[in-house]
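Residue numbers (UniProt numbering), protein chains in the order written: chain P, 1 to 380; chain Y, 1 to 326. These notes are about the structure you will find just below.
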C-alpha cells in the first residue's frame with residue numbers, strides 16, 4: 001500500500017527530533033542542530049495539540065453537515081440502497097479532500113485529516129450494514145478489517161491499530177465461542193494471539209508506522225496479561241456460561257492462572273527494566289496493581305479504606321526508598337530528570353479536582369479513584 | 001532507522017565528525033534508564049490514595065479513636081510537612097525555581113491536603129468557625145496562595161484558586177465547572193464572570209510583568225474557562241443578553257489574540273470554540289426558527305470549513321512568525 005504522507009519528511013522529522021535530544025544533552029552544538037534542520041528538512045503542517053483538537057472537532061461538524069448537504073440533492077434517501085449510494089459518494093468526496101489536503105496543505109495527523117479519514121471509513125462501512133442486515137458477527141468483522149487495514153497501512157492513523165486489534169479479538173472470540181472446547185480454551189487462545197501480534201509488530205522497523213507499532217505492542221501486552229488474569233478469567237467464565245450468581249464459580253486450571261496473575265506483571269517489570277523498555281515497564285506496573293486488586297477481590301481481609309490507606313502508605317514508602325536508593329544510578333537505572341515535566345500543569349489540575357475540597361463538607365468528600373485502577377497512570 | 005544509521009547520515013553530510021559520532025554512539029549505549037517520572041507518579045498516586053483512605057478510615061472509626069488523638073496526628077503531619085518544605089526550600093524568586101530536592105513538591109501537596117482535612121475536622125467537630133463559612137474557606141485559600149508563591153508550587157496555586165472560587169460559592173475545577181455549579185441562579189453568573197475575568201487578568205499580569213510567569217497558564221485556564229462558560233450561560237438564559245454577548249465575545253477575542261504570544265494554543269482553541277458557540281447562538285436566535293432550519297445545514301457546513309481555514313492559517317491571520325511553534 002502506497003503511503004499517503006511523505007516518507008522522507010517523516011524520516012527527517014525523526015532525525016530532527018533525535019538531534020534536538022542530543023543537543024539537550026550537549027552532544028551537538030546549536031549550530032550543528034541548525035545544520036541538521038537544513039540538511040534534513042520537513043515541511044509538514046503540525047499545529048499544537050489544542051489546535052489539532054479544534055481542527056478535529058470542526059472537521060467532524062463539517063463532515064456531518066456535508067452529508068446533510070448532499071442529501072438535500074438526493075431524492076431517494078429512504079431506501080437502503082439509496083442511502084448506501086449516498087454514503088459511498090460522501091466517502092469518495094472525503095477521500096478526495098483528504099488526499100488534496102495532505103498534498104496541498106501538507107497536513108500530517110493535524111486533526112482535519114484524522115477527521116476526514118474517520119468520516120471516510122465510517123461512510124464506507126455504512127453500505128455494509130445497510131445491505132447485509134443479518135450477516136453473522138464474524139462476517140462484519142472481516143468486512144470492517146478489509147476496509148480498515150488498507151486505510152491504516154496508507155495513513156498510519158493511530159485509531160487504526162486500535163480498531164484492527166479490537167476486531168481481530170472479536171473475531172477470535174466469536175469463532176471460539178461456537179464450540180464447547182473453544183470456550184474452555186479461550187483465555188489461552190487470547191494469550192497466544194497476543195504473543196503472535198507482539199512478535200509480528202516487533203519485527204516492523206518502519207519509522208512510518210512507529211506509533212501504530214507502539215500502540216499494538218501496548219495492547220497486546222495488556223491482552224496477554226488480561227487473558228491470564230485470574231479475576232478476568234473467572235468472572236468472564238461465569239458470564240459466558242450464563243450463570244447468574246453473585247460469586248463466580250471456581251475455574252479449571254486455577255493454579256495456572258494464579259501463577260500467570262503474579263508472574264506476568266513481574267516478568268513485564270523486570271524485562272522492562274532490563275531491556276530497557278518503558279512501555280513494558282509501565283504496563284507491568286499497571287498490571288501489578290491490577291493483580292493486587294485481583295488478590296484482594298477474592299481474599300479480602302481489608303476494607304476499602306484500609307486497603308487504600310495501606311496501598312498509599314506502601315506506594316509512598318516504596319517510591320521514597322527507591323528515589324533515595326537511585327540517588328546515584330545503579331544497574332543502568334537512574335532517577336534523572338531527563339525529560340521535561342510536561343505534566344506539571346496536569347498534576348496541578350488533578351490536585352484541584354481531587355484535593356481542592358471545601359472545608360465545610362468534612363470526611364466523605366475524599367475518596368477519589370478506586371484501588372485497582374492505580375499504578376503509574378499519568379506517565380504518558 | 002537506528003541511532004547508528006542516523007549518525008551515519010549526519011557524518012555523510014559532514015555535520016558531525018566521526019569522532020563525535022562515536023561519542024554519541026557510546027553515550028546512547030551507556031546511558032542509564034531513567035524511571036524518574038514512573039517513581040514520581042507512584043508517589044503522587046500514593047499520596048492521593050493515602051489521604052483518601054485515611055480520610056475514610058478516620059471517618060469510619062471516629063468513635064473508637066477519639067477526636068483529640070486524630071486532630072493531634074493530623075496536625076503533626078501537617079506541621080511536619082510545612083516544616084520539611086520550609087527547611088528544604090530555596091529562596092523566593094519571581095521566576096520558576098528548580099529545586100534539586102525532588103520530594104519537596106509532594107510533601108507540600110500532602111501538607112496542604114492534610115491542612116484542609118484538619119480544618120474541616122475542627123469545624124465539623126468543634127464548630128470553631130460557627131456559621132462563618134467564608135472565614136473557614138478564606139484561611140486555607142490565603143495560606144495556599146502564600147505557599148504557592150513562596151515555594152513555587154503550581155498544585156498549591158490551583159488549590160488556592162479553587163478555594164477562592166468556593167469562597168464565592170463556585171466550583172472552578174475544569175471538569176466540574178458545568179456539573180457542580182448551579183448556574184440556574186442568576187446571582188452566581190456575575191460573580192463567576194467577575195472572578196474568571198479577575199483570574200485571567202492575574203494570569204495576564206504575571207506574564208506581562210514576568211512575575212511567576214509559569215503561573216499564568218493555571219490562572220488563565222481556570223479563570224478563562226469559568227468566565228466563558230458563565231458568560232455563555234448568562235447569554236442563553238438571562239437578560240440583558242447584549243451585555244453577556246459583549247463580555248463573552250470580548251473574552252474570546254482576548255484569548256485568540258493571546259495566541260500571538262504562542263504561550264499556549266489551548267487559549268486559541270478556547271477562544272475559537274466559545275466564540276463560535278456564542279456567535280452561532282446569537283445568529284440563530286435573531287433569525288427565528290424557520291429561517292434557522294432552512295439555513296442550518298449551509299451555515300454549519302460553511303462556518304466550520306471557515307473555522308478550519310482560520311485554524312490552519314491562524315498564524316498568518318494573527319501575524320505570528322512561523323518559527324514560534326509549540
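We treat Cβ as the ideally placed atom computed from N, Cα and C, and that holds for glycine.
Taking the alpha-carbon positions, what's the residue 220 of chain P to residue 117 of chain P distance?
25 Å
Please go through the same chain and pick out, in chain order, the residues whose beta-carbon is closer than 7 Å to the beta-carbon of residue 279 of chain P, but skip the five residues on each side of it.
If you ignore the 5 residues before and after residue 279 of chain P, its C-beta comes within less than 7 Å of the C-beta of 214, 217, 218, all in its own chain and listed in chain order.
Would you call the segment 233-244 of chain P and the segment 269-279 of chain P touching, i.e. three or more CB-CB distances under 8 Å?
no
Taking CB distances under 8 Å as the criterion, tell me whether residue 313 of chain P reaches chain Y.
Output row for residue 313 of chain P: interface = yes.
Expected contact under 8 Å - CB spacing of residue 126 of chain P and residue 64 of chain P to nearest Å:
13 Å between Cβ atoms; not a contact.
Thinking C-beta only, is residue 111 of chain P closer than 8 Å to residue 269 of chain Y?
no
Between residue 94 of chain Y and residue 212 of chain Y, what straight-line distance do the alpha-carbon atoms span, to the nearest angstrom?
5 Å
Mind checking if residue 62 of chain P is an interface residue toward chain Y, Cβ cutoff 8 Å exclusive?
yes
Give a yes or no on whether the minimum CB-CB distance between residue 82 of chain P and chain Y is below 8 Å.
no
Contacting positions in the segment 297-322 of chain P - beta carbon closer than 9 Å to chain Y:
303, 304, 305, 306, 307, 308, 309, 310, 311, 312, 313, 314, 315, 316, 317, 318, 319, 320, 322
Give the single residue among P:320, P:7, P:207 whose Cα lies nearest to the Cα of residue 37 of chain Y.
P:320
Using alpha carbons as the reference points, say which of Y:165, Y:73, Y:11, Y:257 lies closest to residue 222 of chain Y.
Y:165
Helix, strand or coil at residue 382 of chain P [DSSP, three-state]
In the structure as shown, chain P begins at 1 and stops at 380. Residue 382 of chain P is therefore absent and cannot be evaluated.
If you measure beta-carbon to beta-carbon, which residues of the segment 51-69 of chain Y are closer than 8 Å to chain P?
51, 52, 53, 54, 55, 56, 57, 58, 59, 60
For residue 255 of chain P, does the count of other Cβ atoms within 10 angstroms reach 16, so buried, or fall short, so exposed?
exposed
Consult DSSP for residue 220 of chain P and reduce its assignment to one of helix, strand or coil.
The DSSP-derived three-state label of residue 220 of chain P is helix.
Residues near residue 277 of chain Y in its chain [Cβ-Cβ closer than 8 Å; skip 5 each side]:
232
Residue 177 of chain P Cβ short of 7 Å to the ligand MN heavy atom set:
Ligands are entirely absent from the displayed structure, and the ligand MN is therefore not among its contents.
Going by DSSP, what residue range makes up the alpha helix (DSSP H) through residue 255 of chain P?
254-274
Have a look at the DSSP bridge pairing and note the partners of residue 334 of chain P.
Paired residue(s): Y:34.
Establish whether the CB of residue 29 of chain Y and some CB of chain P are separated by less than 8 Å.
no
Do you know offhand how far residue 117 of chain Y's Cα is from residue 243 of chain Y's?
Taking the straight line from one Cα to the other gives about 41 Å.
Quick one: what does DSSP say residue 107 of chain P is sitting in, helix, strand or coil?
Look at residue 107 of chain P here: in three-state DSSP terms it is strand.
Going by the CB atoms, is the gap between residue 183 of chain P and residue 191 of chain P shorter than 8 Å?
Contact: no.
Please report the Cβ distance between residue 225 of chain P and residue 265 of chain P, rounded to the nearest whole angstrom; I am assuming they are in contact, meaning their Cβ atoms lie under 8 Å.
7 Å
Please list the terminal residues of the continuous alpha helix (DSSP H) segment that includes residue 159 of chain Y.
154-167
Compare the Cα-Cα distances from residue 313 of chain P to each of Y:25, Y:7, Y:47 and report the closest residue.
Y:47
Residue 273 of chain Y versus Y:202, Y:134, Y:306, residue with shortest Cα-Cα distance
Of all alpha-carbon atoms in Y:202, Y:134, Y:306, the one lying nearest the alpha-carbon of residue 273 of chain Y is that of Y:306.
Closest to residue 203 of chain Y by CA distance: which of Y:190, Y:194, Y:217 is it?
Closest by alpha carbon: Y:217.
Listing by chain order, which chain P residues have their CB less than 7 Å from the CB of residue 273 of chain Y?
54
Given 8 Å, three or more beta-carbon pairs between the segment 142-157 of chain Y and the segment 103-115 of chain Y:
These segments touch.
Indicate whether at least one CB of chain Y lies closer than 8 Å to the CB of residue 59 of chain P.
It does: the Cβ of residue 59 of chain P has a partner Cβ on chain Y nearer than 8 Å.
Is the segment 102-109 of chain P close to the segment 41-52 of chain P, with three or more CB pairs under 8 Å?
yes
Output the boundary residues of the alpha helix (DSSP H) element that contains residue 113 of chain Y.
In this chain, the alpha helix (DSSP H) harbouring residue 113 of chain Y covers 104-126.
Where are the alpha helix (DSSP H) runs, 4 residues long or more, that stay fully inside the segment 247-321 of chain Y, in chain order?
266-287, 289-312, 314-318
Interface partners of residue 276 of chain P on chain Y, CB under 7 Å:
33
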